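Below is one structure, written out as structure tokens; comments come after it.
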Amino acid sequence: MVISVAKKKVKRKLNKKACLVMLLTLYLIIMAFYYCLNLPIKNIVIKGNNIITDDEILNVSELSDAKYMFKINSRNIKKRIKTLSIINDVTINKSLSGKLELTITEKKVLYYSVLDKSYILEDGTTMDNLDIVGVPLLVNYIPSDIKTTLIKKMNNINYDNISLISEIEYSPNIKNDVTIDGNRFLLRMNDGNIVYINLANFDKMDKYMEVYATLNEGQKGVIYFDSSSERVVFQPFELIKKKESEKNELSE
Numbered sequence: 002m003v004i005s006v007a008k009k010k011v012k013r014k015l016n017k018k019a020c021l022v023m024l025l026t027l028y029l030i031i032m033a034f035y036y037c038l039n040l041p042i043k044n045i046v047i048k049g050n051n052i053i054t055d056d057e058i059l060n061v062s063e064l065s066d067a068k069y070m071f072k073i074n075s076r077n078i079k080k081r082i083k084t085l086s087i088i089n090d091v092t093i094n095k096s097l098s099g100k101l102e103l104t105i106t107e108k109k110v111l112y113y114s115v116l117d118k119s120y121i122l123e124d125g126t127t128m129d130n131l132d133i134v135g136v137p138l139l140v141n142y143i144p145s146d147i148k149t150t151l152i153k154k155m156n157n158i159n160y161d162n163i164s165l166i167s168e169i170e171y172s173p174n175i176k177n178d179v180t181i182d183g184n185r186f187l188l189r190m191n192d193g194n195i196v197y198i199n200l201a202n203f204d205k206m207d208k209y210m211e212v213y214a215t216l217n218e219g220q221k222g223v224i225y226f227d228s229s230s231e232r233v234v235f236q237p238f239e240l241i242k243k244k245e246s247e248k249n250e251l252s253e
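Position in the sequence shown (first residue = 1) + 1 = my numbering.
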């Protein structure tokens, strides 16, 4: 009988301890939830943007007026930011330290159309309110179907190689009024060289620096990437000028 009473007392003590532990755990969960719910935004970090400014992102996202970290809707913020044509994607990370981090992925700017006075982005959309240097200038008209294919081809090459181009000129190969290659382009490079290339071989632009490295120091000329042959033809400007001079002499 004495043993039974002692067991009951121990059981009551264990029940009280379990109840206290449960209450304490519940209290901590509630306090943690309250802390997170009212966690203030101490700083906003925006990274990855090179074209669009931090202020433009803050204004369109309406984060300037946001006060509490976990009361903002990440999906709505992302949706607002992506209304900017230049934005490709946004990643939002919230930290318990009060830091809100926005990682921006911008669309690539492929070239500037001199005729349309607008920038062409990787998805074919246009923007005219940008101020960017270092992108190629498209100097003449391109038929819409060829333009669409050009954009696709430019997306497939290393973006660093696009920055090597100064001007893009649509230059179909026509002889005696017969179009031999209607997909050919003339590229004026920043280093002074000229490249002839067509859409079928546009991926050869990724070999440009490799070819350039084989040229004699200071040598400039025309590189022909418009052939299906693996062999790359290079003609120095001096040789081209000499051939033209000889041709003119023969015609006189």
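We treat Cβ as the ideally placed atom computed from N, Cα and C, and that holds for glycine.
For clarity, every value in this text was computed on a predicted model and none was experimentally measured.
Can residue i and residue j be called in contact, C-beta distance under 8 Å?
| i | j | result |
| --- | --- | --- |
| residue 128 | residue 86 | yes |
| residue 139 | residue 115 | yes |
| residue 261 | residue 204 | The structure shown does not extend to residue 261, since the chain spans only 2 to 253, so no value can be given for it. |
| residue 152 | residue 125 | yes |
| residue 182 | residue 227 | yes |
| residue 207 | residue 159 | yes |
According to the neighbour-count rule (16 or more other Cβ atoms, all chains shown, within 10 Å of its Cβ), is residue i buried or exposed?
| i | result |
| --- | --- |
| residue 185 | buried |
| residue 48 | exposed |
| residue 3 | The pLDDT assigned to residue 3 is 47, lower than 50, so where the model puts this residue is not dependable; a value taken from the coordinates is nonetheless given after this. Looking at its Cβ environment, which holds fewer than 16 other Cβ atoms inside 10 Å, residue 3 is exposed. |
| residue 141 | exposed |
| residue 97 | exposed |
Could you check where the alpha helix (DSSP H) with residue i kicks off and where it finishes?
| i | result |
| --- | --- |
| residue 90 | It is not in any alpha helix (DSSP H) - residue 90 instead sits in the beta strand (DSSP E) that spans 88 to 95. |
| residue 106 | Careful: residue 106 lies outside any alpha helix (DSSP H), inside the beta strand (DSSP E) at 100 to 107. |
| residue 48 | From DSSP, residue 48 is part of no alpha helix (DSSP H) but of the beta strand (DSSP E) over 44 to 48. |
| residue 142 | Run containing residue 142: none; DSSP gives neither H nor E here. |
| residue 160 | 160 to 163 |
Alpha carbon to alpha carbon, what distance is there between residue j and residue i?
| i | j | result |
| --- | --- | --- |
| residue 193 | residue 222 | 8 Å |
| residue 176 | residue 119 | 32 Å |
| residue 169 | residue 233 | 20 Å |
| residue 102 | residue 231 | 47 Å |
| residue 217 | residue 161 | 23 Å |
| residue 238 | residue 108 | 37 Å |
Tell me the residue span of the beta strand (DSSP E) that contains residue i.
| i | result |
| --- | --- |
| residue 176 | 174 to 176 |
| residue 187 | 185 to 190 |
| residue 114 | 110 to 114 |
State the CB to CB distance for the pair residue i and residue j, rounded to an integer number of angstroms; the pair is presumed to be in contact (CB under 8 Å).
| i | j | result |
| --- | --- | --- |
| residue 187 | residue 172 | 4 Å |
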